[in-house]
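Asker: First residue of the sequence shown: 1, per UniProt numbering; consecutive thereafter. Using N, Cα and C, we set each Cβ at its ideal position, and we do this for glycine too. All values reported here derive from a predicted model rather than from experimental measurement.
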Amino acid sequence: MKDDFIIDEWKVIEDGFKPASNRVSESIFSLGNGRMGLRGNFEEHFSGNSLQGNYIGGIYYADHVQLDHTKGNRPQQVVKFLNAPNWIGISISFDGEVLDLDNCQVQSFRRELDLRKGYLERTFVAKMKSGRKVQVSTRRFCSMADQELGAIRYTITPLDFDSTLTVQPYLDADVSNEDADENQKFWVEVDTKVKRRGGYLLTETKKTFFQVCTAMKFSIFRDEKELDFDSYRLHREKYIGCEVDMGCKKGETITICKYASIVTSLDHPDGDLPRIGKKIVKKALKKGFDQLSGEHAKAWKDKWSSSDVTIDGDPAAQQAIRFNIFQLHQAYNGRDSRMSIASRGFTGEKYGGCTFWDAEAYGLPFFLATTPADVSRNLLQYRANHLGKAIENAEKLGFNKGAAFYPMVTINGEEAHHSWEVTLEEIHRNGAIAYAIFEYIRYTGDEAYLAEGGLEVLIAIARFWAQRVHYSERREAYVIHGVTGPNEYENNINNNWYTNYIAKWCLEYTLSAVEYVKSKHKKWFEKLSKKLKFEENAETSEWQKIAKKLYLKEDKKLGIFVQQDTFLDKELTTVADLKKGQLPLYQNWTWDRILRSVYLKQADVLQGIYAFEEAFDQEQIRRNYEFYEARTVHESPLSPCVHSILAARIGLEEQAYEFYRQSARTDLDDQLGDTAAGLHINAMGASWLCLVKGLGGMRISNTGGLSFAPILPKSWKNYTFRIQYRGQLLQVKVSSKQLILVNHSQKTLHLKVYDKEVKLEGGKKEKLDR
Ligand code: BGC
């Protein structure tokens, strides 16, 4: 474990100014509300090492890519989200000397992220070049109570001098992405207004024509007394500011409260944006920082009441899981089906704000269990909205008859990646999207979803698999060639066990979904069949035939399922055979060597066993776990999760706990060395899974039954987690001798604990021996 951040159960604290690792800290101290977010940048000018980042969900740009056309059929344009107008800026100067920590001797510096109440605080004392000492303390939040609002309270005290203080709150849309070409700008100014106490900037994205209006208002206090002030209004292209000069004596405190609204054409008609934006900040100014902050904290309280996890006896693990839960809520709020979980949330530019398969595979389970069902349903709806584009995408690649091939990396339904081994080969993402439908229904019991959209997606995905397989005479089975599994340390392999398994399962699940909708929602089924030109008999019998004979390679001698056709021909070394200093492989080995090796970025077979656990017995799980764990280097932050869950299942309690630790502190310890580019949001979902499904042993059976089989790591006294299950809130506390279940809802809950039936009445607590 690194010790960059002080351990605290409800906070992440950085003590001391660390310019070299500032970008990592900026990611860690990101704030967001599921609709927008920003990195932990400073409000005042900073010329040091920093990645300025403000992002708004659903606002993107289509960038041109240079391609090697010999491998055809890959996107010419890829979308990525944009660095949005910066709303936090407040320039500070004393008698013309600009406050910039890069030019100061920083005498004390502390950043604190308050996870409980959702704000970021920063305090410092700095000696400026002139030798004058100033103290600053700031607090800000991105409101959870009002998705379109952010607020800052910025306090300055000259410690040993009198001067003319100039404060200049501003809005700046003259921003770009760091990965953009030189001078490449994405924003055009449409309209601005700047007044004494604020103003707005109306901007539009080039090519994609999204409009964003960023408005601000501010007030200034001297020692808590509000000041009346005049300001010098600044306007240059894509920038407005209000410059206020005032005398400021040694020891006096000047506070600026700045409110910003961020409204977009995604939610409002273009012409109305300035009016709406101004109205929001006017109201905010009236309410004031403390009231807004209270409303925001209340919204966080509600989130924590259904998703908190407590760990007694291990503060580092406690901090990590709360930090991860906090960041998951900041990345996604499920209110808008045009958004999904971006793999780095709103915390950095890496992966361009795009969604990958892990949103469904590792993000969804967290939201399913801790938020109302409509949040997860919107995550599914996001993909349903993109069905047309997935069908087009499949057509471009030669598929037909309504087969859908979802993009591996996307914001708007179009493929946003351009390497063939990802876009063309990681076809397993189609499986994750179908599995999400199954998982949502299994968890919530909302079977009507099949009729209301689920089946349409499933049929399109089943059609894809039916065309993507081919029949091998030699094997007398259907095979799938030329794929990359979730394990990206092998490309262009044949019969990846996980891909084949999920393809077979998709076909079978779609068959059962067809039966269900046909019998329960006949009219709707007929309508859908017509729309999709569904040739029920011919298509379903083909799916049955393929599912029955889909090739799944097994090695009877080793007692394992085989990663892919030629995997066992490799040199079957293990991680323990690697010489010191070779890990991580992606930094120390050439790519061809990684691809030829037996080492797995993450273990596909175990991924499949985890997803379809009921189909395997304990012995099968154990043998596969032992074989593949020995060869997995866990160079994807998603990887430890499945190992933790399966290790717990087969009684390897220590390993289950170790994988949990590894998974939970991925970003706090910057384990992969790329946290500076943004946080690994879905890996945070994975760490929650390690705790609840791994240590807590929670399962939802295929028929929807809830069960637990918890273990307690040796160093912990106890831990507690909360889940919402079919509208009911359940708290589970695991201690060394007991399991305490509290049903916080009205209705009786039926569940199983270590295979024993438990009936838990509404409002009741049940103590069970472990
Ligand atoms: C992983 C993918 C994942 C992506 C985005 C990659 O490193 O291998 O499985 O979808 O990151 O999180």
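1) Label residue 403 either buried or exposed according to how many other C-beta atoms from any shown protein chain fall within 10 Å of its C-beta, with 16 as the threshold for buried.
2) Using only the alpha-carbon positions, how far apart do residue 513 and residue 703 sit?
3) Buried or exposed: which applies to residue 195, given that a residue is buried once 16 or more other Cβ atoms fall within 10 Å of its Cβ?
4) Is residue 682 near the ligand BGC, going by C-beta to nearest heavy atom under 7 Å?
5) Which residue from 587, 675, 280 and 687 puts its Cα closest to that of residue 660?
6) I want to check one thing, is the minimum distance from the CB of residue 356 to the heavy atoms of the ligand BGC below 7 Å?
7) Taking 7 Å as the cut-off, is the beta-carbon of residue 584 closer than that to any non-hydrogen atom of the ligand BGC?
8) Terminal residues of the continuous alpha helix (DSSP H) containing residue 274?
9) Tell me whether residue 498, by its Cβ, gets closer than 7 Å to a heavy atom of the ligand BGC.
10) Measure from the alpha carbon of residue 734 to the alpha carbon of each residue in 571, 727, 714 and 674, then state which is nearest.
11) Compute the beta-carbon to beta-carbon distance between residue 311 and residue 719, rounded to the nearest angstrom, for a pair I have assumed lies under 8 Å.
12) Quick check on the DSSP output: the alpha helix (DSSP H) that includes residue 530 runs from which residue to which?
13) With burial defined as no fewer than 16 other Cβ atoms inside 10 Å of the residue's Cβ, what is the status of residue 61: buried or exposed?
14) For residue 366, which residues of its own chain have a beta-carbon under 6 Å away from its beta-carbon, when the five flanking residues on both sides are left out?
15) Go through the stretch 599–658 residue by residue and report every complete run of the alpha helix (DSSP H) that reaches 4 residues or more, in order.
16) For residue 716, does the three-state DSSP call read helix, strand or coil?
17) Determine whether the beta carbon atoms of residue 641 and residue 362 lie at a separation below 8 Å.
18) Going by the C-beta, is residue 274 closer than 7 Å to any heavy atom of the ligand BGC?
19) Return the Cβ separation of residue 220 and residue 256 in integer angstroms, given the expectation that the two are a contact with Cβ distance under 8 Å.
20) Out of curiosity, what's the CA-to-CA distance linking residue 154 and residue 87?
21) So, is residue 591 buried or exposed, given that buried needs 16 or more other C-beta atoms within 10 angstroms?
22) Report the rounded CA-to-CA distance for residue 188 versus residue 355, giving the unit in angstroms.
23) Taking all protein chains shown into account, decide if residue 151 is buried (16 or more other Cβ within 10 angstroms of its Cβ) or exposed.
24) Less than 8 Å between the C-beta atoms of residue 455 and residue 528, yes or no?
25) Assess contact between the stretch 293–300 and the stretch 337–348, defined as three or more Cβ pairs (one per stretch) separated by less than 8 Å. Is contact present?
26) Residue 176 and residue 100 - do their beta-carbons sit closer together than 8 Å?
27) Please state the DSSP three-state secondary structure of residue 351.
28) How about residue 588 and residue 550: are their beta carbons less than 8 Å apart?
29) Do you know offhand how far residue 738's Cα is from residue 648's?
30) Look up residue 489 in the DSSP assignment and say whether it is helix, strand or coil.
31) Quick one: does the C-beta of residue 343 sit closer than 7 Å to a heavy atom of the ligand BGC?
32) Nearest-angstrom Cα distance between residue 584 and residue 106?
33) Any heavy atom of the ligand BGC within a distance shorter than 7 Å of the CB on residue 489?
34) To the nearest angstrom, how far is it from the Cα of residue 602 to the Cα of residue 231?
35) Starting from residue 243, trace the beta strand (DSSP E) both ways and give me its first and last residue.
36) Any idea what DSSP makes of residue 166, helix, strand or coil?
Answerer: Concretely, from the data shown:
1) Position 403 of the sequence shown holds residue 403. Buried.
2) Sequence index remark: in the sequence shown, residue 513 carries index 513 (1-based). Sequence index remark: in the sequence shown, residue 703 carries index 703 (1-based). Whole-angstrom Cα-Cα distance: 14 Å.
3) Along the sequence shown, read from residue 1 onward, the residue named residue 195 stands at position 195. By the neighbour-count rule (16 or more Cβ atoms within 10 Å), residue 195 is not buried but exposed.
4) Indexing the sequence shown from 1 puts residue 682 at position 682. True, at least one ligand heavy atom lies under 7 Å from that Cβ.
5) Residue numbering aside, residue 660 sits at position 660 when the sequence shown is read from its first letter. Out of 587, 675, 280 and 687, 687 has the C-alpha closest to the C-alpha of residue 660.
6) Along the sequence shown, read from residue 1 onward, the residue named residue 356 stands at position 356. Yes, the ligand BGC has a heavy atom inside 7 Å of this Cβ.
7) For the purposes of this step, residue 584 is taken as the residue at position 584 of the sequence shown. No; taking the cut-off as 7 Å, the Cβ of residue 584 has no heavy atom of the ligand BGC nearer than that.
8) Position 274 of the sequence shown, counting from 1, holds the residue named residue 274. Element bounds for residue 274: 273–287.
9) Residue mapping note: residue 498 aligns to position 498 of the sequence shown, counting from 1. Not one heavy atom of the ligand BGC is found less than 7 Å from the C-beta of residue 498.
10) The sequence position of residue 734 within the sequence shown is 734, counting from 1. Looking only at 571, 727, 714 and 674, the smallest Cα-Cα distance to residue 734 is reached by 714.
11) Locating residue 311 in the sequence shown gives position 311, where the first residue counts as 1. Locating residue 719 in the sequence shown gives position 719, where the first residue counts as 1. Yes, they are in contact, since the Cβ atoms of residue 311 and residue 719 sit about 5 Å apart, within 8 Å.
12) Numbered from 1 along the sequence shown, position 530 holds the residue referred to as residue 530. Note, residue 530: alpha helix (DSSP H), 522–532.
13) The residue you call residue 61 lines up with position 61 of the sequence shown. Residue 61 comes out buried.
14) On the sequence shown, position 366 is the one that residue 366 refers to. Excluding positions up to five away in sequence, the list reads 328, 685 and 688.
15) 604–611, 618–629 and 639–649
16) Translated into positions along the sequence shown, residue 716 becomes position 716. In this structure, residue 716 counts as coil in the three-state DSSP scheme.
17) As a first step, residue 641 must be located in the sequence shown, where it is residue number 641. As a first step, residue 362 must be located in the sequence shown, where it is residue number 362. Their beta carbons are under 8 Å apart, which means residue 641 touches residue 362 by this criterion.
18) As a working mapping, residue 274 is identified with position 274 in the sequence shown. Not so, every heavy atom of the ligand BGC lies at least 7 Å from the Cβ.
19) Working through the sequence shown from its first residue, we reach residue 220 at position 220. Working through the sequence shown from its first residue, we reach residue 256 at position 256. Indeed they touch by this definition, with Cβ atoms about 5 Å apart.
20) Taking the sequence shown and counting its residues from 1, one reaches residue 154 at position 154. Taking the sequence shown and counting its residues from 1, one reaches residue 87 at position 87. Each residue's Cα considered, the two are about 14 Å apart.
21) As a first step, residue 591 must be located in the sequence shown, where it is residue number 591. Classification of residue 591: exposed, given that the 10 Å Cβ count is below 16.
22) Stepping through the sequence shown from its first residue, residue 188 is reached at position 188. Stepping through the sequence shown from its first residue, residue 355 is reached at position 355. If you take the alpha carbons of residue 188 and residue 355, they lie about 26 Å apart.
23) In the sequence shown, counting from the first residue as 1, residue 151 sits at position 151. Looking at its Cβ environment, which holds 16 or more other Cβ atoms inside 10 Å, residue 151 is buried.
24) By one-based count along the sequence shown, residue 455 stands at place 455. By one-based count along the sequence shown, residue 528 stands at place 528. For residue 455 and residue 528, yes; Cβs fall inside 8 Å.
25) no
26) Residue 100 sits at position 100 when you count from the first residue of the sequence shown. Residue 176 sits at position 176 when you count from the first residue of the sequence shown. No; because the gap between Cβ atoms is not below 8 Å, this pair is not in contact.
27) Here residue 351 refers to the residue found at position 351 when the sequence shown is read from its first residue. Look at residue 351 here: in three-state DSSP terms it is helix.
28) Here the question's residue 588 lines up with position 588 in the sequence shown. Here the question's residue 550 lines up with position 550 in the sequence shown. The Cβ atoms of residue 588 and residue 550 lie no closer than 8 Å to each other.
29) On the sequence shown, residue 738 is found 738 positions in, with the first residue counted as 1. On the sequence shown, residue 648 is found 648 positions in, with the first residue counted as 1. Those two C-alpha atoms are separated by around 18 Å.
30) Taking the first residue of the sequence shown as 1, we reach residue 489 at position 489. Taken through DSSP and simplified to helix, strand or coil, residue 489 comes out as coil.
31) In the sequence shown, the residue the question calls residue 343 occupies position 343. Short note on residue 343: C-beta closer than 7 Å to some heavy atom of the ligand BGC.
32) Taking the first residue of the sequence shown as position 1, residue 584 is located at position 584. Taking the first residue of the sequence shown as position 1, residue 106 is located at position 106. Their Cα atoms are separated by approximately 35 Å.
33) One-based indexing of the sequence shown puts residue 489 at position 489. Checking the Cβ of residue 489 against the ligand BGC gives no.
34) Translated into positions along the sequence shown, residue 602 becomes position 602. Translated into positions along the sequence shown, residue 231 becomes position 231. Those two C-alpha atoms are separated by around 57 Å.
35) Translated into positions along the sequence shown, residue 243 becomes position 243. Element bounds for residue 243: 239–248.
36) In the sequence shown, the residue the question calls residue 166 occupies position 166. The answer is strand: DSSP assigns residue 166 an E or B state.
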